[in-house]
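Chains as they are written, first to last, in full-length UniProt numbering: chain A, 1 to 342; chain B, 1 to 342.
All residues carry an ideal CB built from backbone N, CA and C; glycine is no exception.
Take a look at the structure set out below.
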DNA sequence: TAAAATTACACAAACGTTTGCACAACAATC
DNA sequence: GATTGTTGTGCAAACGTTTGTGTAATTTTA
């Protein structure tokens, strides 16, 4: 039946002592007598007293809350990430305010505004695909609230970020194929305007040149990542004068499309052609025809790392100008996972 | 360089007017002159003033925040749900405080406690598998904060909840198979202690009896949902005197295991045996050998619905005792999705 | 032209909690 | 027995904002 939550005042009045004494008693302050402490705590328990965090946060000017803005919560990469973020926040006694931008720059801007008004102690964000102005982010920085970028990093100087190194992952992947004896390795890459495509390309080239092989641009196709686009790329490869014996695909969806199409042409997967992909999808391991290896980006781990950095920034000793000007640029190495029994 | 955010006080001092005037001016109160309003708003903009929501929430005793506790954020069912929840919260101008229990009853209890201290205006929760005491939930109810249960509903009276009707979905699924001519339909069900297993069973039986067929208990196997358990169940079916021509599986993972095993025995999927499953996994549509139909539970829609109900409860007119005693028990109908080109 | 109504603002309390400071009571020290 | 030290408690300010009430100055009404 208790309508309003119990306050410290009520306890004070009932025990006929001052609120400050009650406050100190509950916080085990040394200057409060043992008897009083006991009395206060007993009464607090009886009345189901629970400190009003909003009041405390307001008073202390700290919300003990981090804001998290992600493009799409239903995407497995981001849901794994938020899981990691929440785990760290929980561990370090912070609270998570969550929002999704749906890859809409306007909504994102609004959300950032809201987070600021909510006085979050820090912000963790993976910017939307459509974001192309960055003033609101700069404004956020000016407000002295730490901000850590995650996975999708805006092209801005002097920021903290956590991202995966797709270049090294791709390098490993192509290297793996080269060591297996492949010499003609095709890549179905993404659109050229994505940083992710460039990183994959660079990793590919590095691996080839490290084996003293020349980079053949005709073996790297840019694809819109749709099924139709994938089939087109596959046709291109299959009719190529240098028909690839192995193919690296931009992501698991592309791998699926490619494998499905190849099978329809009676090509034996991982025999006629080896496939390697990037692990975006948790299910892929359960499937019949899967890539022989996969570049894992560890979104859960990345989320944890980003949250840890953000909380470190929040709790860093103030006024240390040396630290103030240092930026975390953490690259989580991606790793080539070679399928079991393959 | 602005260290602390601008306050209403500073604006007041700079303009040499009172804080109340500033507050009213910013809120377009009628009793403030036009000139003053303009001056205040201009100054507010110049100083990048943003109202301190924490202060307002504290003052008004409302946090405009809903707490969401889910077992596992990385699970696609829940990540789809949280996406729906966030969308509704955003639309209705609420903020989402997110936490995951990892199916740990103790952690869940602690999180509920925290949510209460954070003074969330309402709580949306899918209880953990290990939760078996419900006093903390009752305590939450007593605090007059509305609470809506989602998907995993505790066995408690007088609660609001949103869940999917697996019975009707299963009924539809089995009915679909019956209409296709199947008469021997096997079911790989889950453990008997799950409500979800019972619902599936009931739907199965209903469909059979509605076709004047007797329920054969030997065609319904309980399985621990692992790959080994699934294979065991499949062996059982394949050696059964009434070998099923169609099989309903508890979830997509079980379907995958079963289909993979069947294929290894050169059984033609959806020809020798038709499979029907439940849509937990987004990827299933992209696969080669998939169930011919799937019971969709619409987690995104369910999340939206649950959030809408919670916000309705939060904003319902007070003191209306008739409404106070009414409980939302919303069952979102699951739906049989029949695979394309099948 | 005096009374009434309107306009435009200021004052102060309130929300729940923490915390610096003051101060009383008592014990210990010289 | 005066001084210092210790222990336990209360007072009041502060955080940023909203809002009820008070009150001048101005305008309208009779």
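Excluding the 5 residues flanking it on each side, residue 141 of chain A has same chain C-beta neighbours closer than 7 Å at 147, in chain order. Put simply, the CB of residue 279 of chain B is far from chain A, with every gap to its CB atoms at 9 Å or more. Beta-bridge annotation (DSSP): residue 337 of chain B is paired with B:294. Remark: C-beta atoms of residue 289 of chain A and residue 315 of chain A do not approach each other more closely than 9 Å. In this structure the region 22 to 31 of chain B does not lie against the region 194 to 201 of chain A, because fewer than three pairs of beta carbons, one per stretch, are closer than 8 Å. Per DSSP, residue 315 of chain A is one residue of the alpha helix (DSSP H) stretching across 299 to 315. Scanning A:262, A:278, A:254 for the CA closest to the CA of residue 239 of chain A turns up A:262.
Between residue 97 of chain A and residue 82 of chain A, the gap from beta carbon to beta carbon reaches 9 Å or more. Secondary structure at residue 213 of chain B: coil, using DSSP grouped into helix, strand and coil. In this structure, the straight-line span from the alpha carbon of residue 9 of chain B to that of residue 252 of chain B is close to 59 Å. Contact check for residue 233 of chain B against residue 282 of chain A fails: the beta carbons are separated by 9 Å or more. When beta bridges are read from the DSSP output, residue 68 of chain B appears opposite B:98, B:124. For residue 185 of chain B, the uninterrupted beta strand (DSSP E) run begins and ends at 185 to 189, by DSSP. Within the same chain, Cβ atoms closer than 6 Å to the Cβ of residue 306 of chain A are found at 124, 148, 150, 162, the five residues on either side in sequence being excluded.
Ranked by Cα distance from residue 165 of chain A, the options A:173, A:39, A:158 are led by A:173. The beta carbon of residue 177 of chain B is closer than 6 Å to those of 185, 246 in its chain, skipping five residues each way along the sequence.
Per DSSP, residue 220 of chain B is one residue of the beta strand (DSSP E) stretching across 220 to 222. The region 27 to 57 of chain B contains no complete beta strand (DSSP E) run of 3 or more residues. For residue 97 of chain A, the neighbours in chain B by C-beta distance under 9 Å run, in chain order, 65, 95, 96, 97, 98. For residue 174 of chain A, there is no enclosing beta strand (DSSP E); the residue is part of the alpha helix (DSSP H) that begins and ends at 166 to 179. Linking residue 94 of chain A to residue 65 of chain A through their CA atoms gives a straight-line distance of about 5 Å.
Rounded to the nearest whole angstrom, the CA to CA distance from residue 220 of chain A to residue 268 of chain A is 22 Å. Per DSSP, residue 269 of chain A is not a residue of any alpha helix (DSSP H), being assigned neither H nor E. Here residue 249 of chain B is bridged, per DSSP, to B:188. Around the C-beta of residue 226 of chain A, fewer than 16 other C-beta atoms lie within 10 Å, and the residue is accordingly described as exposed. The beta carbon of residue 137 of chain B does not come within 9 Å of any beta carbon belonging to chain A, so the residue lies off that interface.
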